[in-house]
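Colleague: This structure is in structure tokens; I'll ask about it shortly.
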Amino acid sequence: MPAVCGNAMGPIVTFGASRLAPPIRQILSAGVGHEDFRTQVEIAGKAGASGYLAGRSIWRDAVSNHLPAERAAAIELAGGRLDELNKVTRAYGRPIHPAASLPEAIEAMSDGWFSSWHPAT
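Heads up: the sequence shown begins at 50 in our numbering, then just goes up one per residue.
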């Protein structure tokens, strides 16, 4: 059953966990401005989203500026926007899988776990 949350910028629909596997939830930028998208990423994270997919909300200014100095500044801005969205995601997003400690990860791997990835020739 979907749940709806959001604010004045619009609803965000989330879906409950499946019995077979937890859903991987992410929010798409859909071309909204960066400030609006940052807020939506926070709301989605609080509602259970694991991450975001963003395009124009990050790089719009970089591709619309043709003067070298303005374009360079816009590229720097895009990097800052990515950093900001990543911080919001780390603060509010829900991991897809719980984190395992290094000893737990090592214990879970069998001898030769890598052989099926790169078979010996």
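Quick reminder that beta carbons are idealized off the backbone N, C-alpha and C, glycines included. Keep in mind it's a predicted model, so treat the numbers as computed, not measured.
Rounded to whole angstroms, what is the Cα-Cα separation between Leu-116 and Asp-110?
Modeller: Spanning the two alpha carbons is a distance of roughly 12 Å.
Colleague: Near Glu-153, what residues of its chain come up, given a Cβ to Cβ distance below 7 Å and the 5 sequence neighbours on each side ignored?
Modeller: For Glu-153, where only same-chain residues beyond five positions count, there are no Cβ hits under 7 Å.
Colleague: Are Ser-113 and Gly-80 closer than 9 Å when you measure CB to CB?
Modeller: The answer is no: Cβ separation not under 9 Å.
Colleague: Ordered along the chain, which non-local residues of its own chain (more than five positions away) have a Cβ less than 7 Å from that of Leu-131?
Modeller: Cβ neighbours of Leu-131 beyond the five flanking positions: Ile-107.
Colleague: How long is the line joining the alpha carbons of Lys-95 and Ser-78, rounded to whole angstroms?
Modeller: Roughly 17 Å between the two C-alpha positions.
Colleague: Per the contact definition of three or more C-beta pairs closer than 8 Å, is the segment 134-143 in contact with the segment 118-126?
Modeller: No, the segment 118-126 is not in contact with the segment 134-143.
Colleague: Would you mind sorting Leu-134 into buried or exposed? The rule is 16 or more other CB atoms within 10 Å of its CB.
Modeller: Leu-134 comes out buried.
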